[in-house]
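Undergrad: Sharing a structure, written as structure tokens. Questions coming.
In the working numbering, the protein residues as written are 5 to 679.
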């Protein structure tokens, strides 16, 4: 029997008692495995406690999943409190390891639980995904590799400046696309909706998304600073989600009471058209049937709220909110209206206000006009009106698509190509590049270098991450023809513009004439410096000097870039700086591990001395070498000594001590090397 949901005095649903107890048990056991050495009897008791709590939860189900958000765990449609230090600590540990969700199945035993706890208690190797602990435990990794950082700093009024609602929107967007804290910029609503649609169905992932939606609905009941922009973005996201995806999220949103509370909050906070969609999906989840006439009237109220002047819009919004509250209170029964009355309601609901988005659906078909004109090679006012209608509707790419496959003509086709091959045409096609990349590429192929200016303008000024990314990629594809214009814009005062221009240079592997990355290697913004170092490494700058600057930079990502560039050909002048990255207590673990790898490939005596210091801890009374504690760095140093310096007099005593060691980790390293 499961415990009922614990409810706060304000009525907010929290974790069921059994789930909360299990998560606390898991967090404590994980902390113990990070503190006590292997074989300690307390660890076995910790693993047994986790298994016992899990068995109690899985009496009436096959598995349990929970999602990992930044500082929170999400399970059963409820997010844990960030004020709980035990659970927030568990969430932070999993978040650092890029784990998006955890699934535990019936049958997990103590040995498998111990393996899982040991994996989670140790930080993984740089770049290594979390491994599955066994058939009854699965860790779902989060991947950042496919994401390209081409965002820019928000302009005034572009993104929410502050407020809880803005923070929750950013959290939702980043959770949907599995973005990390180091990924700057906020994804566009289209990207968020696409990510939710395309994500493989996973309960933990859906729980994270639902938790953010529940918090957003509650927060948006009050008009705070930035809230209108959040409503707009959220409405665009909900509008682009399919009914199946919305139903999936609604099912994950807790019990009927929580769903209804969510709808009440959404009715007061979400944009009108988003509310109507959510009401329809929630009714289906509740097994209720809404009158089609009522749904159409709700749609009409939403259209009035979104497309009319302020007084009428406010009245429509209020009426819509009132209807939603009445629906949520009792839902709909069978339609009690006479058929004639229902027909009148249907007719009223089909009529949308003039100028609204729905009115455009009944307009003449501009594409049909364009196709006919291309067939007969005839131009005229009707054709250009059709082209303008497509452009106004954000469908200019349809003109390019029709032109690519159209028969050649002497009159209309050249005029249409000229209309497309202009700055405004490039900007319009960039906005639909994700949907119709071939249309944009066809226009750019005709324009050549003339397209560089509009592309760079959009890369700097567009508020859409997808548009900026498409523009940057197209400039790189244009190759050397774009370099002169890129070089002329390097003095732009905006950091994000300079960063993206440097990304173009590094992507091409070729610099504009007279360009030097040196001034940007000391830029105040670390994001600019990262791209500057990539550009410097790829365009043949002074390698030793650039490596020296990278290894002494305060930014850990720049340090990693420098160490990766060292490879197996680290210049002798740079070896002392690599050693410093190991000895500096402020160095991040990933940076220190990369530095050990670089020293292992070096044949410099300083590298040997650093590896020996790292692997040993003095001598015994009998003069034998005493090994350092088996930390990841010490083990990596032993491996490097065994592979590169096995016969050197300074390394032989250390390796001899390692072969005599009883530490299982040391023995595995030595067996791996000898094997």
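Note that CB positions come from ideal geometry on N, CA and C, so glycine has one too.
Reducing DSSP to helix, strand and coil, say where residue 24 ends up.
TA: Locating residue 24 in the chain shown gives position 20, counting from the first residue. Looking at residue 24 - three-state DSSP - the assignment turns out to be helix.
Undergrad: Pick out whichever of 669, 635, 678 and 317 has its Cα sitting closest to the Cα of residue 648.
TA: If you number the chain shown from 1, residue 648 lands on position 644. Of 669, 635, 678 and 317, the residue nearest in Cα terms is 678.
Undergrad: Quick one: is residue 585 buried, meaning 16 or more other Cβ sit within 10 Å of its Cβ, or exposed?
TA: On the chain shown, residue 585 is found 581 positions in, with the first residue counted as 1. Buried, by the Cβ-count rule.
Undergrad: Between which two residues does the beta strand (DSSP E) containing residue 77 stretch?
TA: By 1-based counting over the chain shown, the position of residue 77 is 73. From DSSP, the beta strand (DSSP E) with residue 77 extends over 76-79.
Undergrad: Distance check for residue 476 and residue 486, CA to CA, integer angstroms please.
TA: Here residue 486 corresponds to residue number 482 of the chain shown, with the count starting at 1. Here residue 476 corresponds to residue number 472 of the chain shown, with the count starting at 1. Cα-Cα distance, rounded: 11 Å.
Undergrad: Assuming the contact rule is C-beta atoms closer than 8 Å, residue 434 and residue 404 should be a hit. Round their C-beta distance to whole Å, please.
TA: Numbered from its first residue, the chain shown carries residue 434 at position 430. Numbered from its first residue, the chain shown carries residue 404 at position 400. Contact flag wrong, Cβ pair sits at about 12 Å.
Undergrad: Decide if residue 210 is buried, meaning its Cβ has at least 16 other Cβ atoms within 10 Å, or exposed.
TA: Residue mapping note: residue 210 aligns to position 206 of the chain shown, counting from 1. It counts as buried.
Undergrad: Nearest by alpha-carbon distance to residue 527: which of 553, 236 and 56 is it?
TA: Within the chain shown, the letter at position 523 stands for residue 527. It is 553 whose Cα lies nearest to the Cα of residue 527.
Undergrad: Quick check: what's the CA-CA separation for residue 591 versus residue 516?
TA: By one-based count along the chain shown, residue 591 stands at place 587. By one-based count along the chain shown, residue 516 stands at place 512. If I take the Cα positions, the gap works out to 35 Å.
Undergrad: Residues in its own chain within less than 6 Å of residue 509 by CB, not counting five upstream and five downstream?
TA: For the purposes of this step, residue 509 is identified with residue 505 of the chain shown, where counting begins at 1. Within the same chain, residue 509 has close Cβ partners 515 and 539.
Undergrad: What does residue 107 pair with, by DSSP beta-bridge criteria?
TA: By 1-based counting over the chain shown, the position of residue 107 is 103. 69 and 142.
Undergrad: What does DSSP give as the partner residues of residue 623 in its beta bridges?
TA: One-based indexing of the chain shown puts residue 623 at position 619. Partner(s): 629.
Undergrad: Helix, strand or coil for residue 384 per DSSP?
TA: As a working note, residue 384 is residue 380 in the chain shown. Correct three-state label for residue 384: coil.
Undergrad: Alpha carbon to alpha carbon, what distance is there between residue 503 and residue 525?
TA: For the purposes of this step, residue 525 is taken as the residue at position 521 of the chain shown. For the purposes of this step, residue 503 is taken as the residue at position 499 of the chain shown. Residue 525 and residue 503: Cα-Cα distance of roughly 11 Å.
Undergrad: Return the chain-ordered list of same chain residues with a C-beta closer than 7 Å to the C-beta of residue 13, the five sequence neighbours on each side being excluded.
TA: If you number the chain shown from 1, residue 13 lands on position 9. Because residue 13 sits at a pLDDT of 35, beneath the cut-off of 50, its placement in the model cannot be relied upon, and the following sentence gives the value as read from the coordinates. If we look at residue 13 and ignore the five residues flanking it on each side, it has no Cβ neighbours.
Undergrad: Kindly indicate which residue of 589, 565 and 28 has the alpha-carbon position closest to the one of residue 93.
TA: As a first step, residue 93 must be located in the chain shown, where it is residue number 89. Of the listed residues, the one whose Cα sits closest to residue 93 is 28.
Undergrad: Run through DSSP, which three-state label would residue 216 get?
TA: As a working note, residue 216 is residue 212 in the chain shown. If DSSP states are grouped into helix, strand and coil, residue 216 belongs with the helices.
Undergrad: Grab the span of the alpha helix (DSSP H) containing residue 491 for me, first residue to last.
TA: Walking along the chain shown from the start, residue 491 turns up at place 487. Element bounds for residue 491: 487-492.
Undergrad: Excluding the 5 residues preceding and the 5 following residue 106 in the sequence, name in chain order all residues of the same chain whose CB lies nearer than 8 Å to its CB.
TA: Start at 1 with the first residue of the chain shown, and residue 106 comes out as number 102. Cβ within range, chain order: 69, 70, 72, 98, 141, 142, 143, 144 and 208.
Undergrad: Let me make sure I understand the geometry here. Which of 489, 439, 471 and 441 has the alpha-carbon closest to that of residue 455?
TA: Sequence index remark: in the chain shown, residue 455 carries index 451 (1-based). Per the Cα distances, 489.
Undergrad: Tell whether a beta-carbon distance below 9 Å holds between residue 91 and residue 37.
TA: Position 87 of the chain shown, counted from the start, is the residue given in the question as residue 91. Position 33 of the chain shown, counted from the start, is the residue given in the question as residue 37. No.
Undergrad: Leaving out five residues before and five after residue 505 in sequence, what residues of the same chain have Cβ atoms less than 7 Å from its Cβ?
TA: Along the chain shown, one-based indexing puts residue 505 at 501. If we look at residue 505 and ignore the five residues flanking it on each side, its Cβ neighbours are 490, 493 and 494.
Undergrad: By how many angstroms is the C-alpha of residue 605 removed from the C-alpha of residue 571?
TA: As a position in the chain shown, residue 571 is number 567, starting the count at 1. As a position in the chain shown, residue 605 is number 601, starting the count at 1. If I take the Cα positions, the gap works out to 8 Å.
Undergrad: Return yes when the Cβ of residue 615 is within less than 9 Å of the Cβ of residue 644, no when it is not.
TA: Residue 644 sits at position 640 when you count from the first residue of the chain shown. Residue 615 sits at position 611 when you count from the first residue of the chain shown. Yes, these two residues count as a Cβ contact at 9 Å.
Undergrad: May I ask which residues mark the beginning and end of the alpha helix (DSSP H) holding residue 678?
TA: Translated into the one-based positions of the chain shown, residue 678 becomes position 674. 668-678 is the span of the alpha helix (DSSP H), which, as asked, contains residue 678.
Undergrad: Please report the straight-line C-alpha distance between residue 448 and residue 236, rounded to a whole angstrom.
TA: Taking the first residue of the chain shown as position 1, residue 448 is located at position 444. Taking the first residue of the chain shown as position 1, residue 236 is located at position 232. Each residue's Cα considered, the two are about 32 Å apart.
Undergrad: Once the 5 residues before and after residue 536 are set aside, which same chain residues still bring their CB inside 7 Å of it?
TA: Sequence index remark: in the chain shown, residue 536 carries index 532 (1-based). Here the set comprises 506, 521, 524, 525 and 527.
Undergrad: What does the Cβ neighbour count give for residue 95, buried or exposed, with the cut at 16 atoms within 10 Å?
TA: Your numbering for residue 95 matches position 91 in the chain shown. The residue in question, residue 95, is buried, as its Cβ has 16 or more Cβ neighbours within 10 Å.
Undergrad: Which value, in whole angstroms, describes the spacing of the CA atoms of residue 650 and residue 656?
TA: Walking along the chain shown from the start, residue 650 turns up at place 646. Walking along the chain shown from the start, residue 656 turns up at place 652. Cα to Cα, the separation comes out at about 6 Å.
Undergrad: For residue 669, which option in 41, 25, 284 and 407 has the closest C-alpha, if you only look at C-alpha atoms?
TA: As a first step, residue 669 is located in the chain shown; it is residue number 665 there, counting from the start. Selected option, being the one with the closest Cα: 41.
Undergrad: So what does DSSP say about residue 41, is it helix, strand or coil?
TA: Position 37 of the chain shown, counted from the first residue, corresponds to residue 41. Coil.
Undergrad: Could you check what DSSP says for residue 573 in three-state terms: helix, strand or coil?
TA: The residue given as residue 573 occupies position 569 in the chain shown. Looking at residue 573 - three-state DSSP - the assignment turns out to be coil, as it is neither helix nor strand.
Undergrad: How many angstroms separate the CA atom of residue 416 from the CA atom of residue 383?
TA: By 1-based counting over the chain shown, the position of residue 416 is 412. By 1-based counting over the chain shown, the position of residue 383 is 379. Approximately 6 Å, taken between the alpha carbons.
Undergrad: Does the beta-carbon of residue 666 have 16 or more other beta-carbons within 10 angstroms, so that it is buried, or is it exposed?
TA: In the chain shown, the residue the question calls residue 666 occupies position 662. Under this definition residue 666 is an exposed residue.
Undergrad: Assign residue 241 to one of three DSSP states: helix, strand, or coil.
TA: Mapped onto the chain shown, residue 241 falls at position 237. It is helical.
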